[in-house]
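Chemist: Residue numbers (the working numbering): -1 to 111. Even glycine gets a Cβ: it sits at the ideal position worked out from N, Cα and C. Quick caveat, the model's predicted, so the values are computed rather than measured. First, the structure itself, so that you have it in front of you.
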């Protein structure tokens, strides 16, 4: 049972190694940094939309979820662990729920789902 707990919540699955000979580590590292920056851009766009329209404070939550998802990708660039996978899953569920709520309630005419 302790082994199951370790696998599900504690295990470190991957760590960045700049000297890894096959290039996977460096590629995974830089792609995660790029992805994290893209999520940060999305968070900035949501914040700008909120500041421009101020339709709902839930957009601030939406902004924070995008920013934290981007930050989790920056952490993932150095280490992939079970707790990070769970955090990203909960964050992604929050993003999906918040997006559906914001789009349905405040932008029903929008066709980007």
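1. Hey, would you say residue 72 sits closer than 9 Å to residue 10, going by beta carbons?
2. Quickly, what does DSSP pair residue 130 with across the bridge? List them, please.
3. Here's a check: name, in chain order, each residue in its chain whose Cβ is nearer than 8 Å to the Cβ of residue 97, leaving out the five neighbours to either side.
4. How many whole angstroms separate the CB atoms of residue 37 and residue 64, which I take to be in contact at a CB cut-off of 8 Å?
5. Could you spell out the range, first to last residue, of the alpha helix (DSSP H) harbouring residue 39?
6. Judging by CA-CA distance, which residue of 23, 76, 93 is the nearest neighbour of residue 62?
Modeler: The short version:
1. At a Cβ-Cβ threshold of 9 Å, residue 72 and residue 10 do not count as neighbours.
2. Here the chain has residues from -1 to 111 only, and residue 130 is not among them.
3. Closer than 8 Å at Cβ, skipping near neighbours: 60.
4. Right, their Cβ atoms sit about 6 Å apart.
5. For residue 39, the enclosing alpha helix (DSSP H) begins and ends at 22 to 51.
6. Considering only 23, 76, 93, the residue with the shortest C-alpha distance to residue 62 is 93.
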